[in-house]
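Everything in the sequence shown is counted per the working numbering, starting at 3 for the first residue and increasing by one. Using N, Cα and C, we set each Cβ at its ideal position, and we do this for glycine too. Working notes for the structure below.
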Amino acid sequence: MTAEVHWNTAWSIEEGVTRVTRLYETTFGEAPAGVWQAPGRVNLIGEHTDYNGGVAMPIALPHRTFAAMSPRGDMIVRLVSAQEPGVREVDLTQVGPHDSDKAVEGWPAYVVGVAWALREAGYDAVRGFDVAIDSCVPFGAGLSSSAALECAVAVGINDLFRLDLAGSAEEPNDTGRKTLVEACIRAENDVAGANTGGLDQAASLRCLEGHALFLNCRNGEVEKVPFDLASQGLALLVTDTRAPHSLSDGQYNERRSCCESAARNIGVEFLADVEDGDAALRALSDPTEVKRARHVIGEIARTYDAVRAMRRGALRADVLDEIATLFDASHDSLRDDYEVTCRELDLAVDVARSEGAHGARMTGGGFGGSCIAIVDADAVDRVAEAIADAYEREGLAQPHFLMAVPAMPAGRVQ
Ligand code: ADP
Ligand code: MG
Numbered sequence: 003m004t005a006e007v008h009w010n011t012a013w014s015i016e017e018g019v020t021r022v023t024r025l026y027e028t029t030f031g032e033a034p035a036g037v038w039q040a041p042g043r044v045n046l047i048g049e050h051t052d053y054n055g056g057v058a059m060p061i062a063l064p065h066r067t068f069a070a071m072s073p074r075g076d077m078i079v080r081l082v083s084a085q086e087p088g089v090r091e092v093d094l095t096q097v098g099p100h101d102s103d104k105a106v107e108g109w110p111a112y113v114v115g116v117a118w119a120l121r122e123a124g125y126d127a128v129r130g131f132d133v134a135i136d137s138c139v140p141f142g143a144g145l146s147s148s149a150a151l152e153c154a155v156a157v158g159i160n161d162l163f164r165l166d167l168a169g170s171a172e173e174p175n176d177t178g179r180k181t182l183v184e185a186c187i188r189a190e191n192d193v194a195g196a197n198t199g200g201l202d203q204a205a206s207l208r209c210l211e212g213h214a215l216f217l218n219c220r221n222g223e224v225e226k227v228p229f230d231l232a233s234q235g236l237a238l239l240v241t242d243t244r245a246p247h248s249l250s251d252g253q254y255n256e257r258r259s260c261c262e263s264a265a266r267n268i269g270v271e272f273l274a275d276v277e278d279g280d281a282a283l284r285a286l287s288d289p290t291e292v293k294r295a296r297h298v299i300g301e302i303a304r305t306y307d308a309v310r311a312m313r314r315g316a317l318r319a320d321v322l323d324e325i326a327t328l329f330d331a332s333h334d335s336l337r338d339d340y341e342v343t344c345r346e347l348d349l350a351v352d353v354a355r356s357e358g359a360h361g362a363r364m365t366g367g368g369f370g371g372s373c374i375a376i377v378d379a380d381a382v383d384r385v386a387e388a389i390a391d392a393y394e395r396e397g398l399a400q401p402h403f404l405m406a407v408p409a410m411p412a413g414r415v416q
């Protein structure tokens, strides 16, 4: 039995610019002032650590969201997306938190939320604009299409209204970008009403091509660590399980409050502050809190171990072995202690491992989404086929596959 393998190939910059410019022109009847892009991301390790004040290690994907934009003289934002029906119009003076009488319906919340958050932060120069969106980042695949959307719009707004916070993708203004990250997080948390921890926005705005971003989510400090799989004959295969994950919002909030409660019971502000993990776990009486805290504390330690290994240089055999062990332990902990995997994720990971992957794990929030596996470059097709076949055998909808190469961060492309 051989299932057909579906590849989700990243658009070139030219293709993205052409598509989104055409959409802008057919919708608004003129050429846009410029085009900006922002990447989706995969997190290599450090899962469910961001909202615990911990560390994570994302890379930017070559899969991007493109935004064609022009400023307007007024406070109106007109929006169109190739991924959503219709043209929408929102008055920026009528935008507010999702639980207020100025709530914004649907996907425009991610876009106008960024403009609102920047104005809230004192950037009064931000006014209305017209924007067209197109993207090859799949929705809800754990690859951060929402952050890619926010960040593409953020760098666009930055340039249209001369906020001077972004620099270029090649020469980024990293300090300014921290302000844009904050605005994008507020757009997602406050306006779109999605309770996420900030890893995604930092990845899309602050990654560096060819590197992983070792990110301290507590203080925003970053270290850009070379991550060059290709020169070692390796590749990072992403399986987008396409598993339905309707429970994910409630589960995410439940995990988050369980961690907050565990931190309180241990007597620290964040689980990342725990120094003696064993003693901290002994201080907890609720068995669920023990499991959740054990994942977070262990995952933060694994992420430090991973960056220490990667700093030793190219992914030589000894470094690779260590990374593989850490990836595998991360997935097992997310499955057994944090309980955020699902049948599709576990299957993709198990098959990748049995096909010789150098470490495989789920990435992103879980309950569906994607898994990553480091594989020999010449084994990519074989591993993807084996996963597709296993899904077919189990009667699951076919997954999609992507190649993750550490790509550049958000910036202007036209
Ligand atoms: P992900 O893991 O992909 O970030 P989310 O649920 O956080 O999943 O965000 C997906 C949502 O973001 C979509 O349902 C939609 O509202 C919005 N979104 C993302 N990309 C686009 C796009 N290209 N056009 C319109 N809306 C988008
Ligand atoms: Mg998201």
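{"query": "With C-beta atoms as the reference, is Pro140 less than 7 Å away from Ala409?", "result": "no"}
{"query": "Exposed or buried, Asp383, counting other C-beta atoms within 10 Å across all chains shown (16 or more means buried)?", "result": "exposed"}
{"query": "Is any non-hydrogen atom of the ligand MG found closer than 6 Å to the C-beta of Ser206, if you look at the structure I gave you?", "result": "no"}
{"query": "How about Val157 and Ala168: do their beta carbons lie closer than 7 Å?", "result": "yes"}
{"query": "Can you say whether Ser102 is buried or exposed, counting buried as having 16 or more other CB atoms within 10 angstroms of its CB?", "result": "exposed"}
{"query": "So what does DSSP say about Val321, is it helix, strand or coil?", "result": "helix"}
{"query": "Sorted by chain position, which residues of the same chain lie with C-beta nearer than 6 Å to Ala111's C-beta, five sequence neighbours on each side aside?", "result": "Val193 and Ala194"}
{"query": "Could you check how far apart the C-beta atoms of Thr51 and Cys186 are, in whole angstroms? I think they sit under 8 Å.", "result": "Not really, about 19 Å apart at Cβ, beyond 8 Å."}
{"query": "Short of 6 Å in beta carbon distance, which residues of its chain neighbour Ser146, apart from the five on each side in sequence? Order them along the chain.", "result": "Gly42, Arg43 and Asp202"}
{"query": "For Leu217 and Arg24, what's the separation of their Cα atoms in angstroms?", "result": "37 Å"}
{"query": "With distances taken Cα to Cα, identify the nearest neighbour of Ala84 among Arg74, Leu151, Arg284 and Glu32.", "result": "Leu151"}
{"query": "State the CB to CB distance for the pair Ala62 and Asn45, rounded to an integer number of angstroms; the pair is presumed to be in contact (CB under 8 Å).", "result": "About 11 Å; that fails the 8 Å criterion."}
{"query": "Taking 8 Å as the threshold, find out whether the stretch 324 to 334 comes into contact with the stretch 353 to 362 through three or more Cβ pairs.", "result": "yes"}
{"query": "Should Ser170 be listed as close to the ligand MG, given that the test is whether its C-beta is under 6 Å from any heavy atom?", "result": "no"}
{"query": "When every heavy atom of the ligand ADP is checked, does at least one fall within less than 6 Å of the C-beta of Ala109?", "result": "For the record, residue 109 in the displayed sequence is Trp; it is not Ala. Yes, since a heavy atom of the ligand ADP falls inside the 6 Å radius drawn around the Cβ of Trp109."}
{"query": "Alpha carbon to alpha carbon, what distance is there between Asn191 and Val128?", "result": "20 Å"}
{"query": "What is the DSSP secondary structure of Glu357, counted as helix, strand or coil?", "result": "coil"}
{"query": "If the criterion is Cβ atoms closer than 7 Å, does the pair Val97 and Val106 meet it?", "result": "yes"}
{"query": "Only counting runs of 3 or more residues, tell me where the beta strand (DSSP E) segments fall wholly within the stretch 39 to 92, in order along the chain.", "result": "60 to 73 and 78 to 83"}
{"query": "With DSSP run on the structure shown, which of helix, strand or coil describes Arg363?", "result": "strand"}
{"query": "Taking only heavy atoms of the ligand ADP into account, decide whether any of them is closer than 6 Å to the Cβ of Phe131.", "result": "no"}
{"query": "Report yes if the CB atom of Leu1 is closer than 7 Å to the CB atom of Ala265, and no otherwise.", "result": "Lying outside 3 to 416, the shown extent of the chain, residue 1 is not represented and no answer is given."}
{"query": "Which residue spans inside the stretch 195 to 264 form an unbroken alpha helix (DSSP H) run of at least 4?", "result": "201 to 208"}
{"query": "Could you check if Ile299 belongs to the surroundings of the ligand ADP, using beta carbon to heavy atom distance under 6 Å?", "result": "no"}
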